[in-house]
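Engineer:
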Amino acid sequence: MAPEQKSNGMGNYGFAVDGVVNNFCGLPDEQIADLSDEDSRNKLSYCVTDIPPWYLCIILGIQHCLTAFGGIIAIPLILSQGLCLQHDGLTQSHLISTIFFVSGICTLLQVTLGIRLPILQGGTFTLLAPSMALLSMPEWACPAWTQNATLINTSSPEFIHVWQTRMQVLQGSIMVGSLFQMLVGFSGLIGLFMFFIGPLTIAPTISLTGLSLFDSAGRNAGNHWGISAMTTFLIVLFSQYLRHIAIPVPTYSKAKKFHTSRMYIFQILPVLLGITVSWLICYLLTIYNVLPSDPEQYGYLARTDTKGDVTGSAPWFRFPYPGQWGLPSVSLAGVLGILGGVISSIIESIGDYHACARLSGAPPPPKHAINRGIGMEGLGCLLAGAWGTGNGTTSYSENVGALGITKVGSRWVIVASGFIMIIIGMFGKIGAIFTTIPTPVIGGMFLVMFGVITAAGVSNLQYADMNSSRNIFIFGFSMFMGLVIPNWVIKNPSVIATGVVELDQVFQVLLTTSMFVGGFIGFILDNTIPGTKCERGIIAWTKAYEDTSESCLENDEVYGLPWGLSSCLSSYVWVRWLPFCPSHKAKEENTSPSSSGFQGKKPCNDDTHSIVAVAL
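Right, dumping it as structure tokens:
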């Protein structure tokens, strides 16, 4: 194949894979000749059920980990501010290792027992806003001495008690909130949610998640605006201006042996490249003492040695375990705040499932698979709370987009990613290295990342009729109130005084969480102001959840339970009534070869394919 690449119709450019001839996943040979040029751009090298060579699984598994790198490490670094850990690099490294470890476990659970699509699991920003709102309450405000690096003894029992009590209440709130997500998923209540929660509820909710974090982005970037601007510039340069430039990389195939092929590396890893280049420049400026060495001077936090020898003090091997920060405690205010983030995560994940199925050559996910996937994400949040990541888990949209780039939709690649993240989480030195990233570099990444999250929320309005004055009012009013009310409550915390301390805490957390305020107002207005379902976007919104192919035989191959569990459970009548188990009634009635689009398909994997090796 020539080095020139075709777009996949979504702005993504793929690997140059040689030797792939008529390799269309899920299509009979006689239909391939009828495909248009546009369809040929989307052909996959490996479908969701195919097993690529082990070395390709490892290489692409590492790439998926690197793609999720920015989002995974950003969450513990933001939480460290609310946990009073700004100057404790060693504990920050433990948090980073823990979130990698739990993300790997949740990824394996989702791919094997959940939705069973090649979709990565990681930390979620929808739980970050209510978590920070909980930690900003007066009783959880960090003591003044924890803000001064010269006064902190990170090994003292007093300091350990300060941050662990905050982490414990965060853990308990997330664990209780995750039970709701498990209930919604495994009970099949998602359809009811999709009927009442539409684009005009989700758009302000997700958009305000990004907007509410502007203070964190500005505070980190403001430590050295030059470094943060450079980081932002590099990420924008790589992701937007250079994304169509292919870079030669070493390639091996049985036919051509070692040769070079082209890969769109700037489009695949823009955040990682931008952070790495800025990180390296800060290291050089540090060792040559260009940056100030006085902690009181502007620009000191751009140095890479501000946290001391955290890499040297971190253990080589550390096994994260449940309850490592102590026994979790529960806060009613925290639980209610987390519920708002959980609902947003559910709706977002459903969209990710369908996008992932489309890009991996799988049929649309049936209801039982979606129910199982949402329930498994709830279980992942429960595990994340137990392990103490300070966050939950959700499906990563970035990695769904990477499927369209690599043209490898096999679930075994994501299985490899899960094991790789578990290994990363058990090596303490790796998490310690990430803590040496200067805060201005992190701030520059936040400027791009939070802006994209805000725009992603607005993009949900494509399902609604935005020519309608009704919808314009609902969205605009929800967004504005989601900014005004939390800002006023934060500045006037003493106004909330009902006489019941627990109730005051609930109102304090909910009214200072922008995504809850905006989403709740949008929900009330969208369901009370008269409007047609088409105008509200409910018809287009729920269409993605409709199961149009549950009678297809290939669904059991892709979405059925592993290890023959589907066949074993099919003998029990009561299993058919479980919303998260495959229905075998359709399978029994549709056993003819014509009932399946996968019958007689040509295998997608071929040993003659060339493998593009990523230079690490």
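Residue 1357 in the working numbering sits at position 116 of the sequence shown; the count goes up by one each step and never skips.
All C-beta atoms in this analysis are idealised placements derived from N, C-alpha and C, irrespective of residue type, glycine included.
#1: Checking the sheet assignment: what are the DSSP bridge partners for T1501?
#2: Using the Cα positions of E1399 and L1411, report the straight-line distance between them to the nearest angstrom.
#3: Please determine, among Q1481, P1681, L1301 and T1769, the residue with the shortest C-alpha to C-alpha distance to W1520.
#4: If you check the beta carbons only, do L1369 and N1632 fall under 8 Å apart?
#5: As a quick exercise: from L1324, W1381 and A1470, pick the residue whose alpha carbon is nearest that of G1515.
#6: Check this for me: beta carbons of S1585 and M1756, under 8 Å apart or not?
#7: Which one or two residues does DSSP pair with G1363 in a beta bridge?
#8: Using 8 Å as the cut-off, can you tell me whether the stretch 1600 to 1620 makes contact with the stretch 1339 to 1358, which would need three or more C-beta pairs spanning the two stretches below that distance?
#9: Which same chain residues, not among the five before or five after V1352, have their C-beta less than 8 Å away from its C-beta?
#10: Please return the same chain residues whose Cβ sits closer than 8 Å to the Cβ of A1627, not counting the five positions on each side in sequence.
#11: Take the Cβ of P1482 as the centre, count every other Cβ of all protein chains shown within 10 Å, and call the residue buried at 16 or more, exposed below.
#12: Pairing CB atoms from the stretch 1669 to 1685 with CB atoms from the stretch 1335 to 1342, are three or more of them under 8 Å?
#13: What number of angstroms, rounded off, separates the C-alpha of I1744 from the C-alpha of S1372?
#14: Starting from I1393, follow the alpha helix (DSSP H) in both directions and report where the run begins and ends.
#15: Thinking just about the alpha-carbon of each residue, which of K1497, P1734 and V1583 is nearest to the one in V1425?
#16: Between which two residues does the alpha helix (DSSP H) harbouring P1445 extend?
#17: Tell me, please, which residues DSSP counts as bridged to F1668.
#18: Using the C-alpha atoms, what's the distance from T1387 back to S1321?
#19: Please report the residue range of the alpha helix (DSSP H) in which H1595 lies.
#20: Classify V1289 as helix, strand or coil using the three-state DSSP reduction.
#21: Between which residues of its own chain and S1710 is the CB-CB distance below 8 Å, once the five residues before and five after are set aside?
#22: Specify the secondary structure class of V1649 as computed by DSSP and reduced to three states.
#23: Do you know how far the Cα of R1777 is from the Cα of N1708?
#24: Please return the same chain residues whose Cβ sits closer than 6 Å to the Cβ of V1750, not counting the five positions on each side in sequence.
#25: Mind checking whether L1441 and N1612 have CB atoms under 8 Å apart?
#26: What separation, rounded to the nearest whole angstrom, lies between the Cα atoms of V1531 and G1684?
#27: Measuring CA to CA, which of F1479, A1496, T1501 and S1480 is closest to P1489?
#28: Would you kindly report the start and end of the unbroken alpha helix (DSSP H) that includes K1548?
#29: If you follow the alpha helix (DSSP H) that T1753 is part of, which residue opens it and which one closes it?
#30: Is I1713 helix, strand or coil by DSSP?
#31: Take S1480 and list the residues in its own chain whose beta-carbon comes closer than 6 Å to its own, dropping the five residues that flank it on each side.
#32: State the DSSP-derived secondary structure class of T1739, mapped to helix, strand or coil.
#33: Taking Cβ to Cβ, would you say E1589 is nearer than 8 Å to I1447?
#34: What alpha helix (DSSP H) runs, 4 residues minimum, are completely inside the stretch 1369 to 1438?
#35: Cutting at 7 Å between CB atoms, please list the residues of its own chain near V1518, excluding the five before and the five after it.
#36: Is DSSP giving P1607 helix, strand or coil here?
Structural biologist: This is what the structure holds:
#1: Numbered from its first residue, the sequence shown carries residue 1501 at position 260. According to DSSP, which records beta bridges pairwise, T1501 is partnered with P1491.
#2: Translated into positions along the sequence shown, residue 1399 becomes position 158. Translated into positions along the sequence shown, residue 1411 becomes position 170. Roughly 19 Å separates the two Cα atoms.
#3: For the purposes of this step, residue 1520 is identified with residue 279 of the sequence shown, where counting begins at 1. Comparing Cα positions, the closest option is P1681.
#4: Translated into positions along the sequence shown, residue 1369 becomes position 128. Translated into positions along the sequence shown, residue 1632 becomes position 391. Yes, they are a contact pair.
#5: The residue labelled residue 1515 in the question sits at position 274 within the sequence shown. The option with the nearest alpha carbon to G1515 is A1470.
#6: Translated into the one-based positions of the sequence shown, residue 1585 becomes position 344. Translated into the one-based positions of the sequence shown, residue 1756 becomes position 515. In contact: S1585 and M1756 (Cβ atoms closer than 8 Å).
#7: By one-based count along the sequence shown, residue 1363 stands at place 122. DSSP output for G1363 lists T1635 as bridge partner(s).
#8: yes
#9: Residue numbering aside, residue 1352 sits at position 111 when the sequence shown is read from its first letter. Only L1358, P1359, I1360, R1652, I1655, V1656 and G1659 meet the Cβ criterion.
#10: Within the sequence shown, residue 1627 is the residue found at index 386, counting from 1. Answer for A1627: Q1412, M1416, P1563, G1564 and P1569, listed in chain order.
#11: By 1-based counting over the sequence shown, the position of residue 1482 is 241. The amino acid at residue 1482 is misidentified as Pro; the sequence shows Tyr. Exposed.
#12: yes
#13: Within the sequence shown, numbered from 1, the residue matching residue 1744 stands at position 503. Within the sequence shown, numbered from 1, the residue matching residue 1372 stands at position 131. This sequence places Leu at residue 1744; Ile is not what is there. Cα to Cα, L1744 sits roughly 18 Å from S1372.
#14: Taking the sequence shown and counting its residues from 1, the one referred to as residue 1393 is at position 152. Run containing I1393: none; DSSP gives neither H nor E here.
#15: Residue mapping note: residue 1425 aligns to position 184 of the sequence shown, counting from 1. Of the listed residues, the one whose Cα sits closest to V1425 is V1583.
#16: As a working note, residue 1445 is residue 204 in the sequence shown. Segment P1440 to L1452, the alpha helix (DSSP H) holding P1445.
#17: Taking the first residue of the sequence shown as 1, we reach residue 1668 at position 427. DSSP output for F1668 lists F1558 as bridge partner(s).
#18: Numbered from 1 along the sequence shown, position 80 holds the residue referred to as residue 1321. Numbered from 1 along the sequence shown, position 146 holds the residue referred to as residue 1387. The straight-line gap from Cα to Cα measures roughly 12 Å.
#19: Translated into the one-based positions of the sequence shown, residue 1595 becomes position 354. Run containing H1595: L1573 to L1600, per the alpha helix (DSSP H) assignment.
#20: Taking the first residue of the sequence shown as position 1, residue 1289 is located at position 48. It is coil, neither helix nor strand.
#21: Working through the sequence shown from its first residue, we reach residue 1710 at position 469. Contacts found: none.
#22: Stepping through the sequence shown from its first residue, residue 1649 is reached at position 408. In this structure, V1649 counts as strand in the three-state DSSP scheme.
#23: Taking the first residue of the sequence shown as position 1, residue 1708 is located at position 467. Taking the first residue of the sequence shown as position 1, residue 1777 is located at position 536. Taking the straight line joining both Cα atoms gives about 11 Å.
#24: Looking up residue 1750 in the sequence shown gives position 509. Same-chain partners within the cutoff: A1374, L1375, A1574 and G1578.
#25: Taking the sequence shown and counting its residues from 1, one reaches residue 1441 at position 200. Taking the sequence shown and counting its residues from 1, one reaches residue 1612 at position 371. Cβ atoms of L1441 and N1612: not closer than 8 Å.
#26: If you number the sequence shown from 1, residue 1531 lands on position 290. If you number the sequence shown from 1, residue 1684 lands on position 443. V1531 and G1684: Cα-Cα distance of roughly 20 Å.
#27: Residue mapping note: residue 1489 aligns to position 248 of the sequence shown, counting from 1. Of the listed residues, the one whose Cα sits closest to P1489 is T1501.
#28: The sequence position of residue 1548 within the sequence shown is 307, counting from 1. It is not in any alpha helix (DSSP H) - K1548 carries neither H nor E in the DSSP assignment.
#29: Counting from one through the sequence shown, the residue named residue 1753 turns up at place 512. Premise fails: T1753 is in no alpha helix (DSSP H) and is neither H nor E.
#30: As a working mapping, residue 1713 is identified with position 472 in the sequence shown. The answer is helix: DSSP assigns I1713 an H, G or I state.
#31: Residue 1480 sits at position 239 when you count from the first residue of the sequence shown. So the list reads P1511, once near-sequence residues are dropped.
#32: Residue numbering aside, residue 1739 sits at position 498 when the sequence shown is read from its first letter. Reduced to three states, the DSSP call for T1739 is coil.
#33: The count along the sequence shown starts at 1 and reaches residue 1589 at position 348. The count along the sequence shown starts at 1 and reaches residue 1447 at position 206. A contact, by the Cβ cut-off of 8 Å.
#34: 1369 to 1376, 1398 to 1428 and 1431 to 1437
#35: Within the sequence shown, the letter at position 277 stands for residue 1518. For V1518, where only same-chain residues beyond five positions count, the Cβ hits under 7 Å are L1475.
#36: Taking the sequence shown and counting its residues from 1, the one referred to as residue 1607 is at position 366. Note: P1607 maps to coil in three-state DSSP.
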